[in-house]
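Going line by line, the protein sequences match chains A and B.
Residue 1 is where the first sequence starts when you use our numbering, and the numbers rise one by one after that.
Residue 268 is where the second sequence starts when you use our numbering, and the numbers rise one by one after that.
Notes to accompany the following structure.
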Amino acid sequence: MKAVRTVAMVFLILIAVSAVKPEWWTPAQYDTQFRDAPDAPPSTRFLLGTDSLGRDRLSRLLHGTRVSLVLAPAAALLSCLVAGALGGVAGLAGGWLDRAILAAADLFLSVPWLFLLLMVRACLPLNVSPMHSAAITFVLLGALGWAAPARVVRAAVRQLKDSDFVFHAQAAGCRARRLLWRQLMPNVAPVLLAQFWVAVPAYILAEATLGMLGLGVSEPLPSWGGLLREIEGSALGSQMWVLAPAFLLTAVVGSFRLILPREDYSV
Amino acid sequence: MPAMKAFAAHLLRMVALVLASGIACAILVRSAPGALVDERELDRRLGEDSLAALRAQKAKEAKLGTVFVRYLHGLILGDLGYSESNHEPIAALIAERAPETLRELAIGLAGAWLLGLGLAIPSGRWRQSRYIFLAYDATSTIAAGFLLSLPAALVAYLCLVAGAPASVVLMLVLAPKVFQFARNLIVQGYGASHVAMARARGVGEARILWAHVLRAAAPQLLAVAAVSASMAIGAAIPIEAICDVPGLGRLAWQAALARDLPLLVNLTMLVGLVTVAAMAVAETVSKHGVAPAVGATA
Numbered sequence: 001m002k003a004v005r006t007v008a009m010v011f012l013i014l015i016a017v018s019a020v021k022p023e024w025w026t027p028a029q030y031d032t033q034f035r036d037a038p039d040a041p042p043s044t045r046f047l048l049g050t051d052s053l054g055r056d057r058l059s060r061l062l063h064g065t066r067v068s069l070v071l072a073p074a075a076a077l078l079s080c081l082v083a084g085a086l087g088g089v090a091g092l093a094g095g096w097l098d099r100a101i102l103a104a105a106d107l108f109l110s111v112p113w114l115f116l117l118l119m120v121r122a123c124l125p126l127n128v129s130p131m132h133s134a135a136i137t138f139v140l141l142g143a144l145g146w147a148a149p150a151r152v153v154r155a156a157v158r159q160l161k162d163s164d165f166v167f168h169a170q171a172a173g174c175r176a177r178r179l180l181w182r183q184l185m186p187n188v189a190p191v192l193l194a195q196f197w198v199a200v201p202a203y204i205l206a207e208a209t210l211g212m213l214g215l216g217v218s219e220p221l222p223s224w225g226g227l228l229r230e231i232e233g234s235a236l237g238s239q240m241w242v243l244a245p246a247f248l249l250t251a252v253v254g255s256f257r258l259i260l261p262r263e264d265y266s267v
Numbered sequence: 268m269p270a271m272k273a274f275a276a277h278l279l280r281m282v283a284l285v286l287a288s289g290i291a292c293a294i295l296v297r298s299a300p301g302a303l304v305d306e307r308e309l310d311r312r313l314g315e316d317s318l319a320a321l322r323a324q325k326a327k328e329a330k331l332g333t334v335f336v337r338y339l340h341g342l343i344l345g346d347l348g349y350s351e352s353n354h355e356p357i358a359a360l361i362a363e364r365a366p367e368t369l370r371e372l373a374i375g376l377a378g379a380w381l382l383g384l385g386l387a388i389p390s391g392r393w394r395q396s397r398y399i400f401l402a403y404d405a406t407s408t409i410a411a412g413f414l415l416s417l418p419a420a421l422v423a424y425l426c427l428v429a430g431a432p433a434s435v436v437l438m439l440v441l442a443p444k445v446f447q448f449a450r451n452l453i454v455q456g457y458g459a460s461h462v463a464m465a466r467a468r469g470v471g472e473a474r475i476l477w478a479h480v481l482r483a484a485a486p487q488l489l490a491v492a493a494v495s496a497s498m499a500i501g502a503a504i505p506i507e508a509i510c511d512v513p514g515l516g517r518l519a520w521q522a523a524l525a526r527d528l529p530l531l532v533n534l535t536m537l538v539g540l541v542t543v544a545a546m547a548v549a550e551t552v553s554k555h556g557v558a559p560a561v562g563a564t565a
């Protein structure tokens, strides 16, 4: 299992490195049109062919990878920060604040996440610049994904709050701020880290679903969701290379799942 | 009496959550850009009187509190309002679309559970004993991992190309999740000491599975069942939108794009009600309805 994890990690690093500067490996920018070669099959000039507008598919795939691989972890970080803050406050404060935060989390969890995501995204402006649409999509993912991790953090904080070492620290005169930073935070950090790693592949998949429904990152900026949408108009039997984004997405999400600590995603 | 009190508390919580989700949805849609603008105002054929009537109608809808109170009053009388984007009463729309979604959810969920649990049981039963089942376990886990790494919308599109119905898509989306949870619970169950004891006493494998493994895992499996119902409702939207199924999922997607406030509020409350009810049933049954397995706590 360790060897498989190492392979997954190396694969992710390779993909991340190739997506950092896509211009180094590709013949053009993601929006450069080769009007003499629309819908071209794979060749030495265009390794994955071109789309119907004559844009190099490999360039778009690598740029799309960069968008998804940068913004999905950013969204996961945002949801973990919100979850950490709200879950921590609920666990520490208790009383009405705890009940209010739990009620808000229940409200978010009372509607399926994908339903909520689609509703909220559809209500936000769709005719915005590509960069804005990318920002809206991923901020939304981060902002709506806090409820489940917040409950986990709250439970962890409550458990820690009642533990012996916190009691001893309090008895030794440890102040609230020091207690939080030196005693509680180091123990909650692994919980938040696990939530972060679970959220990244989930957000990549959610963006892909939004993109396929036309609610994700807008053209011409590529993302995996937008690239998967192009599959819909293609003849899969004769143009298998249009499935390249699907293969890459599956491999990356699968690798993320493999590198998760086993206990964090198995049960 | 305590059971009645707990039931009443559950019911109250459910109603509060469903109402809150409806209010949150109404606020969200009302604050969406362009929500208070009627496209018909751009129609040059409309006279001043018609335009004034349209604006007056929109101004009435701007008062969210009044609209929601009126909606609740209508709800009590069985009137769910009128969908502007579909030009049809919402109750009729839901009645028309619900059977398709319910059929799809029922087949999809049943298939997912049969497939997921059916694949998980051999994984747990023979995992430790035979090499062939080690290979089986690895293969089924990899297959489940592969399906879990695909977005629901892509699975829907690939199934559409292959000519598979939406219920099969739902089954393929949910089965790996069910398998993943069930496999771990069943492997854990077969590893328990009371199972070894039962085997040593000569209890049959079917009885061990039913009375010692599945029964011990029942509370967690019920919780997974509730979660899978919620996931199925969420997954139904992209699946129905891609597969062009005339169900509630597609209706919700179209309503969101058209910013049809009354329809969205109704659908959100309906989805919220089903999700919260599924969770509550699972919680209640796992607390009161399932007796602990023989020796499960030993």
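C-beta: ideal position from N, C-alpha, C; glycine also.
Computed from a predicted structure; not experimentally measured.
Hey, does residue i have any beta-carbon neighbour from chain A nearer than 8 Å?
| i | result |
| --- | --- |
| R526 of chain B | yes |
| P418 of chain B | yes |
| A545 of chain B | no |
| P432 of chain B | no |
| M438 of chain B | no |
| C510 of chain B | no |
| W380 of chain B | no |
| Y424 of chain B | yes |
| F413 of chain B | yes |
| T406 of chain B | no |
Any beta carbon from chain B within less than 8 Å of residue i's own beta carbon?
| i | result |
| --- | --- |
| T250 of chain A | yes |
| A72 of chain A | no |
| I231 of chain A | yes |
| D106 of chain A | yes |
| R35 of chain A | no |
| A246 of chain A | yes |
| V267 of chain A | Because V267 of chain A sits at a pLDDT of 32, beneath the cut-off of 50, its placement in the model cannot be relied upon, and the point is left open. |
| A122 of chain A | yes |
| G208 of chain A | In the sequence as presented, Gly is not what sits at residue 208 of chain A; that position holds Ala. A208 of chain A counts as touching chain B. |
| L236 of chain A | yes |
| S129 of chain A | no |
Could you tell me which residues DSSP pairs with residue i in its beta bridges?
| i | result |
| --- | --- |
| T50 of chain A | A:D56 |
| Y349 of chain B | B:P356 |
Alpha carbon to alpha carbon, how far is residue i from residue j?
| i | j | result |
| --- | --- | --- |
| L574 of chain B | R337 of chain B | Residue 574 of chain B cannot be examined here, being either before or after the span of chain B that is shown, 268 to 565. |
| T26 of chain A | V217 of chain A | 22 Å |
| A323 of chain B | V282 of chain B | 33 Å |
| G375 of chain B | V445 of chain B | 12 Å |
| G501 of chain B | G469 of chain B | 45 Å |
| V532 of chain B | V4 of chain A | 47 Å |
| L441 of chain B | M498 of chain B | 8 Å |
| G64 of chain A | E507 of chain B | 26 Å |
| L228 of chain A | G211 of chain A | 8 Å |
| F34 of chain A | V128 of chain A | 26 Å |
| Q447 of chain B | S390 of chain B | 11 Å |
| T564 of chain B | L97 of chain A | Unreliable placement is indicated for T564 of chain B, whose pLDDT of 38 sits below 50; the coordinate value is still reported in the next sentence. Roughly 36 Å separates the two Cα atoms. |
| A410 of chain B | G91 of chain A | 39 Å |
Under a Cβ-count criterion, where at least 16 other Cβ atoms within 10 Å of its own Cβ denotes burial, should residue i be classed as buried or exposed?
| i | result |
| --- | --- |
| I101 of chain A | buried |
| F165 of chain A | exposed |
| F138 of chain A | buried |
| F46 of chain A | buried |
| N451 of chain B | buried |
| A276 of chain B | exposed |
| G539 of chain B | buried |
| E219 of chain A | exposed |
| W380 of chain B | buried |
| V491 of chain B | buried |
| P201 of chain A | buried |
| H354 of chain B | exposed |
| W477 of chain B | exposed |
| V267 of chain A | Any reading at V267 of chain A must be qualified, since the residue scores a pLDDT of 32, below 50, and its modelled position is unreliable; no value is offered. |
| A405 of chain B | exposed |
| D56 of chain A | buried |
Could you tell me the boundaries of the alpha helix (DSSP H) in which residue i lies?
| i | result |
| --- | --- |
| A275 of chain B | P269 to S298 |
| D162 of chain A | It is not in any alpha helix (DSSP H) - D162 of chain A carries neither H nor E in the DSSP assignment. |
| Q33 of chain A | Premise fails: Q33 of chain A is in no alpha helix (DSSP H) and is neither H nor E. |
| E371 of chain B | I357 to R392 |
| S497 of chain B | R482 to C510 |
| R468 of chain B | Per DSSP, R468 of chain B belongs to no alpha helix (DSSP H) and is neither H nor E. |
| W113 of chain A | W113 to C123 |
| H132 of chain A | P130 to L144 |
| L249 of chain A | A244 to I259 |
Residue i: beta carbon under 7 Å from a heavy atom of the ligand MG?
| i | result |
| --- | --- |
| R66 of chain A | With respect to the ligand MG, the structure offers nothing, as it holds no ligand at all. |
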